[in-house]
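The block underneath contains the structure these notes are about, expressed in structure tokens.
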Amino acid sequence: MIKKSIITTAIIAVLGSGYIGASWHTGNMIEANIDNKIQQITKQVDNYQNLFNVVIEYSDYQKAIFSTQLHLTIKLVPKDTDLQLEQDKKQAETTIFNDEITIHHGPFPMMALAEGKFTPQIAWINYAMPEKSAPELWKLAGNQSFITANMGISYHEYLTIKLTNKALKLTDSAFTSHFDANYFIHGGLDISDGNVIIESNEDFSSIVAKANIDKFNYYDNPKEPIITLNKFNLLAEPRPEKKGVNYTINANKIAFLIDEYSASRLTLDHLKYQGSLNNKYQAPNAHVTIDKITFEPDINQFNDSSIMIEKLTIAEENTLSTVNTIDGWLKVDAQSVLFGQQHLGNGSLDLSYQGINIAMILNNFDIDLYEADVNQQAPANIKLALNKLHWQNPAGDINANFFCNISGEWAELQQLMLGIDNIDSLKLKIDVPFNVLAYYLAQIKTPNANKITQEQLTNAFATLKTNAKKLFGKSKMFTFNKDQNEGYYSDIKYTKGDQNVTVNGHLLDKRDFFENFL
4 MIKKSIITTA IIAVLGSGYI GASWHTGNMI EANIDNKIQQ ITKQVDNYQN
54 LFNVVIEYSD YQKAIFSTQL HLTIKLVPKD TDLQLEQDKK QAETTIFNDE
104 ITIHHGPFPM MALAEGKFTP QIAWINYAMP EKSAPELWKL AGNQSFITAN
154 MGISYHEYLT IKLTNKALKL TDSAFTSHFD ANYFIHGGLD ISDGNVIIES
204 NEDFSSIVAK ANIDKFNYYD NPKEPIITLN KFNLLAEPRP EKKGVNYTIN
254 ANKIAFLIDE YSASRLTLDH LKYQGSLNNK YQAPNAHVTI DKITFEPDIN
304 QFNDSSIMIE KLTIAEENTL STVNTIDGWL KVDAQSVLFG QQHLGNGSLD
354 LSYQGINIAM ILNNFDIDLY EADVNQQAPA NIKLALNKLH WQNPAGDINA
404 NFFCNISGEW AELQQLMLGI DNIDSLKLKI DVPFNVLAYY LAQIKTPNAN
454 KITQEQLTNA FATLKTNAKK LFGKSKMFTF NKDQNEGYYS DIKYTKGDQN
504 VTVNGHLLDK RDFFENFL
């Protein structure tokens, strides 16, 4: 029996010595590679965005067998700055972290095991905001750390980061009394427990991110929050074969002030957003549903009538061609739009396009981007189609559709050098009855009324009719009567090779027609 105990003790001692040796070796690995790893992280972060450079510094490095302690400082330095003096540059820096941290050595750090991480880790960092950083914030969070963070790096250099926060309320009377906490947060905060989880490979080419929070209200004054999130969650993960990222956003409510200079507020109720990005240059794909969007204007600056859109859906799909142009479509549908007390109606939009330059889709008209991303040898062949533009109110319907096929050399088209020979085909049809438009204009003028009077409709109709003759009376592009209904009507057709353009049933010389529009 004694012999077995001796053997067992020996085995434990050997294993313990081996683990100590492995942990010490891991500590040496961390020490030898920490500078390279910091350089790699800062480079990836700096290259990922154009707002700031990140500066990571450490000091007081103390290595032990099972852990290493050091002082870590992380700063953000604006990229776009004209500051020349070093003193001014220092003042522009923002320090986002400045505290002691402990790096627990692998292969099985106890802190990682406590967090449920049972795979071997080369390093595990566990951080809890200390009381000394913000004593009042500590108290408001229930005498515990407001923010805790865990970060693990596996032996395959797979990174896992988890940030958690405790519920906290710093509003109303507490807004001005808790100076210490208010200075740390830079405003008021009413927040529930929440967490953010990020997982990534070594070069950050494959990132999974998750964020969940039930309640988030941020204030810059005690009256009302400038940002509100309710039941918010986000998931971002790599697309197959690492060709971009898929992301999903769900929220019961998102509300925010439009800008810092007014009290105008935008609120989104029950948002569901599914989208993807294929690569750095390609336009996104997105499918969005929002039960209700409400715009509440600042009554001191604008009309005090709110705008409400109900049951809004937006769908967008884009694909990248072999010559680096975009083919895609966009569909929008709103089941109801209200302005004040007036129900303006419902509408839909169906737009498609082919052969569009990448820079145009991304709202970037930089010439270098054109030259780099589009095969200049391939001739341009752009197709734009407004398949449907429809609006309906109690007076009737407004409809429009459009198609245009443009071809030529990119070098000319990117400079908007468009001529008759570049247009392969053109179709345009517009049906806008005056009575439908008059009803809409009468509603806009009296947003807080419950009904539209016949006098208001008659006046709006007469105004439209007068303006139509003043503005377009001599134009052949419009006619003002169709099937005994007055309005704006247009029907235009053209195909390359034809000498004439068909305009509302009449033939016009193509050069005379296009010279008025190009």
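Take the sequence shown: its letter number 404 is residue 407 in the numbering used here, and every next letter is one higher. Built from N, CA and C at the ideal position, the CB exists for glycine as well.
Checklist entry - Fully enclosed by the region 467–494, which beta strand (DSSP E) runs are 3 residues long or longer? => result 482–485
Checklist entry - Is there contact here, the region 472–479 with the region 493–501, by at least three beta-carbon pairs under 8 Å? => result no
Next on the checklist: Closest to residue 155 by C-alpha separation, out of 454, 75, 124 and 46, would be which residue?
Outcome noted: The count along the sequence shown starts at 1 and reaches residue 155 at position 152. Checked all of 454, 75, 124 and 46; the closest Cα to residue 155 is 124.
Checklist entry - DSSP three-state call for residue 48: helix, strand or coil? => result The count along the sequence shown starts at 1 and reaches residue 48 at position 45. Reduced to three states, the DSSP call for residue 48 is helix.
Next on the checklist: Quick check on this structure: which residue in 511, 56 and 295 has the alpha carbon closest to the alpha carbon of residue 45?
Outcome noted: Residue mapping note: residue 45 aligns to position 42 of the sequence shown, counting from 1. Among 511, 56 and 295, the Cα nearest to that of residue 45 is on 56.
Item to check | Residues bridged to residue 386 [DSSP beta-bridge criterion] | outcome: Position 383 of the sequence shown, counted from the start, is the residue given in the question as residue 386. Beta-bridge pairing links residue 386 to 357 and 408.
Checklist entry - Are the beta-carbon atoms belonging to residue 483 and residue 464 less than 8 Å from one another? => result Position 480 of the sequence shown, counted from the start, is the residue given in the question as residue 483. Position 461 of the sequence shown, counted from the start, is the residue given in the question as residue 464. Cβ atoms of residue 483 and residue 464: not closer than 8 Å.
Checklist entry - Excluding the five sequence neighbours on either side, which residues of its own chain have a C-beta within less than 6 Å of the C-beta of residue 1, listed in chain order? => result In this structure the chain extends from 4 to 521, so residue 1 is not present and cannot be described.
Next on the checklist: For a test of the three-state rule: what should DSSP assign to residue 195, helix, strand or coil?
Outcome noted: Along the sequence shown, read from residue 1 onward, the residue named residue 195 stands at position 192. Correct three-state label for residue 195: coil.
Item to check | Cβ neighbours of residue 164 in the same chain (closer than 6 Å, five flanking residues each side left out) | outcome: Within the sequence shown, residue 164 is the residue found at index 161, counting from 1. Answer for residue 164: 154 and 201, listed in chain order.
Checklist entry - Closest to residue 445 by CA distance: which of 261, 397 and 231 is it? => result In the sequence shown, the residue the question calls residue 445 occupies position 442. Closest option to residue 445, Cα to Cα, is 397.
Item to check | For residue 360 and residue 386, believed in contact at Cβ under 8 Å, the rounded distance | outcome: Residue numbering aside, residue 386 sits at position 383 when the sequence shown is read from its first letter. Residue numbering aside, residue 360 sits at position 357 when the sequence shown is read from its first letter. In fact, because the Cβ distance is near 13 Å, the residues do not count as touching under 8 Å.
Next on the checklist: With three or more beta-carbon pairs closer than 8 Å as the criterion, would you say the region 424–431 touches the region 446–453?
Outcome noted: no
Next on the checklist: Rounded to whole angstroms, what is the Cα-Cα separation between residue 32 and residue 232?
Outcome noted: Indexing the sequence shown from 1 puts residue 32 at position 29. Indexing the sequence shown from 1 puts residue 232 at position 229. Taking the straight line from one Cα to the other gives about 42 Å.
Next on the checklist: I need the DSSP call for residue 452, collapsed to helix, strand or coil.
Outcome noted: Your numbering for residue 452 matches position 449 in the sequence shown. Residue 452 falls in the coil class under three-state DSSP.
Checklist entry - Counting pairs of beta carbons, one from the region 293–303 and one from the region 321–333, are three or more of them closer than 8 Å? => result no
Checklist entry - Just reading off the beta strand (DSSP E) that residue 436 is part of, what are its end residues? => result On the sequence shown, residue 436 is found 433 positions in, with the first residue counted as 1. From DSSP, the beta strand (DSSP E) with residue 436 extends over 426–436.
Item to check | DSSP three-state assignment for residue 501, whether helix, strand or coil | outcome: As a working mapping, residue 501 is identified with position 498 in the sequence shown. In the structure shown, residue 501 sits in coil (DSSP, three-state: anything other than H, G, I, E or B).
Checklist entry - Across which residues does DSSP place residue 292 in a beta bridge pair? => result Locating residue 292 in the sequence shown gives position 289, counting from the first residue. Paired residue(s): 275 and 316.
Next on the checklist: Using a Cβ-Cβ cutoff of less than 6 Å, which residues in the same chain neighbour residue 459 once the five nearest sequence positions on both sides are dropped?
Outcome noted: To locate residue 459, count along the sequence shown from 1; it is residue 456. Same-chain partners within the cutoff: 445.
Checklist entry - Distance, Cα to Cα, residue 120 vs residue 213? => result As a first step, residue 120 must be located in the sequence shown, where it is residue number 117. As a first step, residue 213 must be located in the sequence shown, where it is residue number 210. Using only the alpha carbons, I get a separation of about 17 Å.
Checklist entry - Looking at C-alpha atoms only, which residue of 223, 493, 289 and 199 is the closest neighbour of residue 210? => result Reading the sequence shown from its first residue, position 207 is the one you call residue 210. The shortest C-alpha separation from residue 210 is found at 199.
Next on the checklist: On the criterion of 16 or more Cβ atoms from any shown chain inside 10 Å, does residue 112 qualify as buried, or is it exposed?
Outcome noted: Your numbering for residue 112 matches position 109 in the sequence shown. Classification of residue 112: buried, given that the 10 Å Cβ count is 16 or more.
Next on the checklist: For residue 260 and residue 270, I'd like the C-alpha separation in whole angstroms.
Outcome noted: Taking the first residue of the sequence shown as position 1, residue 260 is located at position 257. Taking the first residue of the sequence shown as position 1, residue 270 is located at position 267. Going from the Cα of residue 260 to the Cα of residue 270 covers about 9 Å.
Item to check | residue 358 classed as buried or exposed, judged by whether at least 16 other C-beta atoms fall within 10 angstroms | outcome: Numbered from 1 along the sequence shown, position 355 holds the residue referred to as residue 358. Buried, since its Cβ has 16 or more Cβ neighbours within 10 Å.
Checklist entry - Do you know whose CA, among 394, 272 and 240, lies nearest residue 258's CA? => result Residue mapping note: residue 258 aligns to position 255 of the sequence shown, counting from 1. Of the candidates 394, 272 and 240, the one whose C-alpha sits nearest the C-alpha of residue 258 is 272.
Item to check | Per DSSP, cross-strand counterpart(s) of residue 168 | outcome: Here residue 168 refers to the residue found at position 165 when the sequence shown is read from its first residue. Residue 168 pairs with 150 and 197.
Checklist entry - Can you tell which of 133, 280 and 336 has its C-alpha closest to the C-alpha of residue 251? => result Translated into positions along the sequence shown, residue 251 becomes position 248. Nearest option by C-alpha distance: 280.
Item to check | From 307, 268 and 316, residue whose alpha carbon lies closest to that of residue 291 | outcome: Working through the sequence shown from its first residue, we reach residue 291 at position 288. Residue 291 has its Cα closest to that of 316, out of 307, 268 and 316.
Next on the checklist: Is it buried or exposed, residue 71, if we count other Cβ atoms within 10 angstroms and call 16 or more buried?
Outcome noted: As a working note, residue 71 is residue 68 in the sequence shown. Under this definition residue 71 is a buried residue.
Next on the checklist: Give me the residue from 226, 519 and 217 with the minimum Cα distance to residue 256.
Outcome noted: What you label residue 256 is simply residue 253 of the sequence shown in a count that begins at 1. Here the closest residue by C-alpha is 217.
Item to check | Separation of residue 487 from residue 234, as counted between CA atoms | outcome: Position 231 of the sequence shown, counted from the start, is the residue given in the question as residue 234. Position 484 of the sequence shown, counted from the start, is the residue given in the question as residue 487. So the two alpha carbons sit approximately 54 Å from each other.
Item to check | Beta-carbon separation (whole angstroms), residue 220 vs residue 193, contact threshold 8 Å | outcome: Residue mapping note: residue 220 aligns to position 217 of the sequence shown, counting from 1. Residue mapping note: residue 193 aligns to position 190 of the sequence shown, counting from 1. With a Cβ gap of about 4 Å, residue 220 and residue 193 count as contacting.
Item to check | Neighbourhood of residue 348 by C-beta, 7 Å cutoff - its chain only, sequence neighbours within 5 removed | outcome: Position 345 of the sequence shown, counted from the first residue, corresponds to residue 348. Once the five neighbours on either side are set aside, the close Cβ partners of residue 348 are 340, 394, 395 and 396.
Checklist entry - Which residues mark the beginning and the end of the alpha helix (DSSP H) in which residue 117 is found? => result Taking the sequence shown and counting its residues from 1, one reaches residue 117 at position 114. Segment 113–117, the alpha helix (DSSP H) holding residue 117.
Checklist entry - Any idea what DSSP makes of residue 38, helix, strand or coil? => result What you label residue 38 is simply residue 35 of the sequence shown in a count that begins at 1. Helix at residue 38.
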